[in-house]
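Structure first, then comments.
Numbering (mature numbering (1 follows the signal peptide of the UniProt record, and there is no 0)), first residue to last: -17 to -1, 1 to 911.
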């Protein structure tokens, strides 16, 4: 399946080069994660029960207790068992909840770009877009706040991260929960790893040193707290606590994430940030549950929304789906990191040297040219195909100049060919209205080339046209890591890769957006990297929260309710972004709509408003649900923290609606299907003069009516914000989101797309109507066992594969079924090889490597990939025994949304014939 595995940030596949919109998808690692789980479970102890009693009872069954959690936010166990499933664990009196442990993997990401409105290029920064620059000017740097980074560790040796580890250093503490080795394995990813490094499947070797070996955590830490001569993170004076949960390429698991999150909480962190996740879309997963509880104890938690934007709406991530967690989306900014150079403009006896930005080819060193004049090929800054044809014979010698040509009309290689005929050794291409692009040098050409900003090109042309001259100085800076800003006119939009919400229960996710595209930050071995993803946006929000705490104090000052209040304040300060589902190659299209809440939450974070607003809002996000479970009445408490009475006004700002149904009725929309439509609810706003006196709080009430639509089967979604404005200039907002259809009705008997589930069993890959007698002969030729393929239109809370005797009727259904009652034999299991192979090979595969049903928290199948989940049942039941010969009823079913599992009608059931199990024909004895 996919149950997507990711750290959206991308610690692998990291390159020095910039890549640009359209050159590659920044997606989470879509791998069949339903089938790549473990035999591990997380169980929470029932209130009043003893953890030691539960531990003894579980160990008595032959299971192994791997970890005990005994915290005020979570008390439970991580256990490994081959004889239990979720049903049997949850049947224990001492167990409150049980979850399967899921795995998380680092997903490769590729960077992207942005640039600076002036010809002059300032040191690279994106703080101008969020107001962080103004806070820095006011001396607010986050001093006194502690941010815990749960990631791949931090390379604290980096000078911009303090150069050391421990008390007194910027990275003042932390822990390595997994371990690392000392064998260099890659020349691209310069890190130290060994076969003993933790990858989610082998043993952990924890220690006290959270040194990063992958780079991802170092990049995240630099975004929060990095500081150098040319670079400033969001909150450069915070303390960083580094908790390492990735020690190798393959990944980590959910119990490690829970352990790290609790450890960060107990270490005194004010903020916990994790750029980690996998597609899930339910708020009650174990990590999401723990993270939300920690927020309720006073610690802000930010988790990445995910990098699966191409998959379309309703593809939210795991941890970030937690009810109180801030799920962070990514926005493209209008500046990308580039290299500095200097141009001296001389006219009428006056000279001025200006720092500009350029992007050299990714496969060539920086330019090192000094004193050459820059000569425009023409003065026409609108030329659509400059140097795309053979130049006229009157063209002067270009061998001792830097020739300037406009982008467009043909490839850069055609331009190189034509200018080289006149001796050109250096060619600057100045940008047009299109997004900047990645230059790749070709060894067939002798000349060097680079890209500069459109405004820089225009300034050079105007100077030369007026009779002046411009000379170039590409002397390399003293610090080769120095970066400056390069303008991209298509910035200021949602990032296409950023995952869309909401959750599968129509809760609002994501919550807020931050700059995440082309982010320049610290990396391994004292280097720097440009990366893109919600992994980069998430620590940015954590840094902004740290600025607030550094100025106003955290949970130690304000108590447990502080984190929830600050999270709501962050949400209320979002600035709306324009509708943009697909990254534009040129200037963004003006669709006339704002981006939907399901894509960016309330919009781009406004740090200045966060710290300076004298109004506070206390609210629950306005999740309106669907038409059947519609919640129309909502309240917002408005507090005036200023010195004077304030009059407030109210307005509705609708975002673009969209139909979540895809091109066919079988799948939801992907990013190519999502088009903006006008879909606005009726909202009754407060009509009286609404004045709040200093220090007082008043409650504003809002009443919604969902919009009427012609066709509910299109799954129309509407969203927007209620804007609360004050007479003193504050304008805050509360998000709303709703479905203008009955979700349960639309998904009843439609959870499985037409044609699914299906079977491909036996030597001829027959369906279950023709092939439903099995002897579990696993030879390559026979493949005599159920091989089920399944897809899901909507995310499901539970998928079951239950085996009953042949007398079972659906009217006997009870939840959860109990072995020995009502004909229940047990839950099936599935082979762990199902995910990566088409054929079971007994010579190389172990038939006992299985995982039990039921499975919980499964995301929908996407129309982009249409990956199919495969489940092979080789005869083993969840309790560890093998099924005996006989006739049986097979119940393969998924739970529909907003349903009670105890009701038979709540399940979408695959209708199958009675199955027959013959005496086993496989190669070894099995006792029944």
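Beta carbons are placed, not taken as given, at the ideal position from N, Cα and C, and that holds for glycine.
Helix, strand or coil for residue i per DSSP?
i, result
"residue 142", "helix"
"residue 610", "coil"
"residue 902", "coil"
"residue 111", "helix"
"residue 439", "helix"
"residue 766", "coil"
"residue 380", "coil"
"residue 456", "strand"
"residue 330", "strand"
"residue 296", "coil"
"residue 570", "coil"
"residue 69", "helix"
"residue 270", "helix"
"residue 15", "With a pLDDT of only 40 at residue 15, under the threshold of 50, the placement of this residue in the model should not be trusted, and no figure is reported."
"residue 622", "strand"
"residue 838", "strand"
"residue 489", "coil"
"residue 734", "coil"
"residue 550", "helix"
"residue 527", "helix"
Would you check if the distance between the CB atom of residue i and the CB atom of residue j is smaller than 8 angstroms?
i, j, result
"residue 613", "residue 683", "no"
"residue 225", "residue 136", "yes"
"residue 588", "residue 706", "no"
"residue 286", "residue 113", "no"
"residue 443", "residue 364", "no"
"residue 715", "residue 600", "yes"
"residue 434", "residue 722", "no"
"residue 822", "residue 859", "no"
"residue 198", "residue 506", "yes"
"residue 290", "residue 517", "yes"
"residue 709", "residue 591", "no"
"residue 498", "residue 109", "yes"
"residue 295", "residue 656", "yes"
"residue 228", "residue 134", "yes"
Return the chain-ordered list of same chain residues with a C-beta closer than 7 angstroms to the C-beta of residue i, the five sequence neighbours on each side being excluded.
i, result
"residue 570", "416, 472, 473"
"residue 531", "549, 593, 594"
"residue 688", "615, 664, 665"
"residue 275", "305, 306, 307, 308"
"residue 873", "786, 895, 898"
"residue 205", "143, 144, 216, 504, 505"
Would you list the one or two residues that DSSP bridges to residue i?
i, result
"residue 742", "771"
"residue 286", "257, 310"
"residue 497", "313"
"residue 514", "502"
"residue 410", "386, 432"
Would you grab the beta carbon distance between residue i and residue j for me? Rounded to a whole angstrom, and I think it's under 8 angstroms.
i, j, result
"residue 834", "residue 851", "Residue 834 to residue 851, Cβ: 18 angstroms. No contact."
"residue 533", "residue 188", "With 8 angstroms as the limit, residue 533 and residue 188 do not qualify as a contact, their Cβ atoms being about 36 angstroms apart."
"residue 649", "residue 736", "4 angstroms"
"residue 482", "residue 640", "At roughly 19 angstroms, the Cβ-Cβ gap does not stay under 8 angstroms, so residue 482 and residue 640 are not in contact."
"residue 470", "residue 646", "Rounded, the Cβ-Cβ distance is 37 angstroms, inconsistent with contact."
"residue 842", "residue 263", "6 angstroms"
"residue 526", "residue 277", "Not a contact, Cβ separation roughly 19 angstroms."
"residue 673", "residue 719", "That belief does not hold up - the Cβ atoms of residue 673 and residue 719 are roughly 19 angstroms apart, past 8 angstroms."
"residue 352", "residue 385", "7 angstroms"
"residue 357", "residue 455", "5 angstroms"
For residue i, which residues of its own chain have a beta-carbon under 8 angstroms away from its beta-carbon, when the five flanking residues on both sides are left out?
i, result
"residue 45", "64, 65, 66"
"residue 52", "58, 59, 60, 61, 241, 242, 245"
"residue 809", "785, 786, 802, 860, 861, 862, 864, 866"
"residue 896", "751, 752, 755"
"residue 889", "878, 879, 882, 883"
What residues in its chain sit with their C-beta under 6 angstroms from that of residue i, if we drop five residues either side in the sequence?
i, result
"residue 26", "59, 60, 72, 78, 81"
"residue 799", "70"
"residue 697", "642, 644"
"residue 390", "412, 414, 415"
Taking 7 angstroms as the line, does the beta carbon of residue i fall inside it for any heavy atom of the ligand MG?
i, result
"residue 501", "The ligand MG is not part of the structure shown, which contains no ligands of any sort."
From the beta carbon of residue i, is the nearest beta carbon of chain B less than 8 angstroms away?
i, result
"residue 438", "The question asks about chain B, but that chain is absent: this structure has only one protein chain."
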